[in-house]
Amino acid sequence: MRVVIVTESFPPEVNGVAHSVLRTAEHLVRRGHQPLVITPAPARGAECPPHVFGGGTGAAELPVVRVPSVPLPGYPQVRIALPGRRLTAAIAGHRPDIVHLASPFVLGARGMQAAARLGVPAVAVYQTDLAGYAHAYRAGRGLGEAAAWHRIRTVHRAAARTLAPSTPAAQDLTAHGVPRVRLWPRGVDSVRFHPRHRDETLHRALAPGGEVLVGYVGRLAPEKRVDLLASASALPGVRVVVIGDGPSAPGLKAAMPGAVFLGRRTGEELARCFATLDVFVHTGPLETFCQTIQEAMASGVPVIGPAAGGPLDLVGHRRTGLLVPPRDGAAVARAVTTLAGDAELRAAYGRAGRADVTARTWEAVGDLLLRHYAEVLAEHRGTAVAEVTGATGPGREGAAPTADQARPAEGTPVAEELPA
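Rendered as structure tokens:
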């Protein structure tokens, strides 16, 4: 199968969209398919090392087309593709069977138009709550949120299928008039993210007084609401560690003088940091999935997250962690107090969390994506799914899940406040 992936973000950028696209492309190559990635070019001077999958004579370099771009005003880390003919030419030149649009907005919208002109079916992957961001940044005094939903509907209605990463995201899309929504979650590398990577030497360095180590991992930007950790950082016996970088870093350092800021960490170093935490907290209320929660769970770390969006599918309340009302710093502090004071509870939540995610491999998630592709191509061509990919089973046996077939993690429909 020949696949063009049009993405708004790709390495060297570090975010959920870029990581998911890279893992998707890797899986396609390993399954014998031929992907091409089209993405905005990074800032001048940024290093773009090639991505080679496999080894020996079977090694294959991922072809990537980078189109001219400009920085997003006020957020220069984000690149916006400029209009041009290169996108359509690249798609047509690859002769794709299907076009995969990763978090489509600017480049993805043009990719959708190009796919339609070429008569190629497109799958749109919803990953970023753009309407929520518009509301959070108060764009256009409320008009920004409406404009974002208009853009989302316009792009996704033209897709043969929209893939949502979580049940709440799928429900949100459907409620706002997006048709043909199906579920496609994210995988996690439970070998890289593993409790065995816990480093007691690192723990002592970060919490020399024996404090409970409470950590956040992710981008430091207004929509992530890391400021909600301020009350928790003032708790006795607690040391907050923040891993990541972004425009909010200076303000957060001023608001949490007792916290440790490690900057961005990747690879084995990041896995070691995750496993060394005693509690993981994610404060962002706009997560359509929340990959770092999965990585913490794989690391055997209990989690605290907002009872909104993707975390509702991931966190079993009072089983693998605690869900708190979104945008409530006092509730975050109470949840931290509960877990900081009970090592046995932390261990139990950590074990249950890891058990929940070990089957969520990128291989399994990649194969589910191929099933989505197969169903879309079968509908487009009027053929059986098995004829597209050689999948076993008659008709729709093993069909990819619809939005209403998903269920949140056991125990998650609870968003009560914890007692003080």
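Using the numbering used here, the letters of the sequence shown map in sequence onto residues 8 to 427.
Idealized CB from N, CA, C, for every residue including glycine.
Given the structure is predicted, the values throughout are model-derived calculations rather than measurements.
Item                                                                                                                                                       : Value
Helix, strand or coil for H107, going by three-state DSSP, please let me know.                                                                             : strand
Exposed or buried, which one is C55 when buried takes at least 16 other CB atoms within 10 Å?                                                              : exposed
If S197 sits next to A305, beta carbons under 8 Å apart, how far is it from one beta carbon to the other, in whole angstroms?                              : 4 Å
Whose C-beta lies closer than 6 Å to the C-beta of A143 among residues of the same chain, with five residues either side of it excluded?                   : E230
What does Y82 pair with, by DSSP beta-bridge criteria?                                                                                                     : L79
Put L293 into one of helix, strand or coil per three-state DSSP.                                                                                           : coil
Which term fits E351, buried or exposed, when burial requires 16 or more other beta carbons within 10 angstroms of its beta carbon?                        : exposed
Comparing C-alpha positions only, which one of M8, V13, P18, F17 sits nearest to R37?                                                                      : M8
What are the partner residues of Q41, as DSSP defines its beta bridges?                                                                                    : R9
Assign V106 to one of two classes, buried (16 or more other C-beta atoms within 10 Å of its C-beta) or exposed (fewer than that).                          : buried
Taking the alpha carbon of V310 as the reference point, which residue from E294, V331, G316, L293 has its own alpha carbon closest?                        : V331
Note down, in chain order, each residue of its chain lying with its Cβ closer than 6 Å to the Cβ of Y356, except the 5 sequence neighbours on either side. : P309, T327, G328
Where do the ends of the alpha helix (DSSP H) carrying R189 lie?                                                                                           : Where R189 is concerned, there is no enclosing alpha helix (DSSP H), although the beta strand (DSSP E) it sits in stretches over 188–190.
By the DSSP assignment, the alpha helix (DSSP H) with L259 in it spans what residues?                                                                      : 256–262
Can you tell me whether H324 is helix, strand or coil according to DSSP?                                                                                   : strand
Could you give the distance in angstroms between the alpha-carbon of E302 and the alpha-carbon of I12?                                                     : 25 Å
Which partner residues does L311 have in the DSSP bridge list?                                                                                             : Looking at the sequence provided, one finds Ile at residue 311 rather than Leu. Beta-bridge pairing links I311 to V288, L329.
So L269 and L227 are in contact, right, with Cβ under 8 Å, and what is the actual spacing, rounded?                                                        : Actually they do not touch by this definition, with Cβ atoms about 11 Å apart.
Can you check the segment 89–133 for any beta strand (DSSP E) of at least 3 residues that lies completely inside it and give the ranges in chain order?    : 105–109, 129–132
I think V322 touches L235, with their Cβ atoms under 8 Å apart; what is that distance to the nearest whole Å?                                              : Rounded, the Cβ-Cβ distance is 16 Å, inconsistent with contact.
What does a CB cutoff of less than 7 Å around L376 pick up in its chain, not counting 5 residues either side in sequence?                                  : T31, W191
So, with DSSP's three-state summary, where would you put P200?                                                                                             : Strictly speaking, residue 200 in this sequence is Phe, with Pro absent from that position. F200 falls in the coil class under three-state DSSP.
Please report the straight-line C-alpha distance between G312 and F296, rounded to a whole angstrom.                                                       : 11 Å
How about A182 and W156: are their beta carbons less than 8 Å apart?                                                                                       : no
Among R205, G373, V245, H387, which one has its Cα closest to the Cα of G216?                                                                              : V245
Would you grab the beta carbon distance between Q298 and R193 for me? Rounded to a whole angstrom, and I think it's under 8 Å.                             : 6 Å
Within 10 Å of its beta-carbon, does L79 have 16 or more other beta-carbons around it, so buried, or fewer, so exposed?                                    : exposed
Measure the alpha-carbon distance for H163 versus V28 and round it to whole angstroms.                                                                     : 18 Å
Tell me the DSSP secondary structure of A25 in three-state form.                                                                                           : helix
What is the DSSP secondary structure of F428, reduced to helix, strand or coil?                                                                            : Residue 428 falls outside the range modelled here, since the chain spans only 8 to 427, and no answer is possible.
Quick one: measure Cβ to Cβ for L69 and P42, integer angstroms, because I've assumed they're closer than 8 Å.                                              : 7 Å
Among R117, Q84, V44, whose alpha-carbon lies nearest the alpha-carbon of H101?                                                                            : V44
Determine the closest residue to A381 out of H26, A278, H40, G23, with distance taken between C-alpha atoms.                                               : H40
Give the C-beta separation of L213 and V248 to the nearest angstrom, bearing in mind that I take them to be a contact with Cβ-Cβ under 8 Å.                : 6 Å
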